[in-house]
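K.L.:
One structure coming up, written as structure tokens, with questions to follow.
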Amino acid sequence: MLREYKNDRNHKIDVESLELEDDLSYPEGPVKITGWKEKQLRSKVIPSVKVVWQHHNVKEATWERESEMRDKYPELYFRKECYQ
35 MLREYKNDRN
45 HKIDVESLEL
55 EDDLSYPEGP
65 VKITGWKEKQ
75 LRSKVIPSVK
85 VVWQHHNVKE
95 ATWERESEMR
105 DKYPELYFRK
115 ECYQ
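Next comes the structure, spelled out in structure tokens:
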């Protein structure tokens, strides 16, 4: 069922601050880690981190696998301002 859209200031992106690629995409990287959790499966534990991304607010943070974040963004784990 469709609903009426309610305007939210958090849905807007400041286009002047974006550097667009040729295909009109823009690079996004992690800004900080705001949480940790472990998911227990039958035979193993999967650690996850909650990541805030560039050009997004804290409400839009996503849970990502810790191993993938360490591989892609190792510098994120060495900056003190990335942890809260």
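Sequential numbering of the sequence shown, starting at 35, is according to my numbering. Glycine is no exception: its CB is placed at the ideal position from the N, C-alpha and C atoms. These numbers were taken from a predicted model, which means no experiment stands behind them.
1. Might you give, ordered along the chain, the residues of its own chain that have their beta carbon closer than 6 Å to the beta carbon of V79, omitting 5 neighbours on each side?
2. Counting C-beta neighbours from all protein chains within 10 Å, is the total for P24 16 or more, i.e. buried, or is it exposed?
3. In angstroms with no decimal places, state the Cα-to-Cα distance between P64 and Y39.
4. With DSSP as the reference, identify every bridge partner of K169, one or two as the case may be.
5. Less than 7 Å between the CB of K84 and some heavy atom of the ligand PLP, yes or no?
6. May I ask you to report which of helix, strand or coil DSSP gives K40?
7. Whole angstroms are fine: how far does the CA of W87 sit from the CA of M103?
P.N.:
By the coordinates alone:
1. Stepping through the sequence shown from its first residue, residue 79 is reached at position 45. Here the set comprises E72.
2. Past the boundaries of the shown model lies residue 24; the chain is included only from 35 to 118, so the question cannot be answered.
3. The count along the sequence shown starts at 1 and reaches residue 64 at position 30. The count along the sequence shown starts at 1 and reaches residue 39 at position 5. Approximately 29 Å, taken between the alpha carbons.
4. One cannot answer for residue 169 here, as it falls past the ends of the chain, which runs 35 to 118.
5. The model depicted lacks the ligand PLP and carries no ligand whatsoever.
6. Sequence index remark: in the sequence shown, residue 40 carries index 6 (1-based). In the structure shown, K40 sits in coil (DSSP, three-state: anything other than H, G, I, E or B).
7. Against the sequence shown, residue 103 aligns to sequence position 69. Against the sequence shown, residue 87 aligns to sequence position 53. The alpha-carbon atoms of M103 and W87 are separated by roughly 12 Å.
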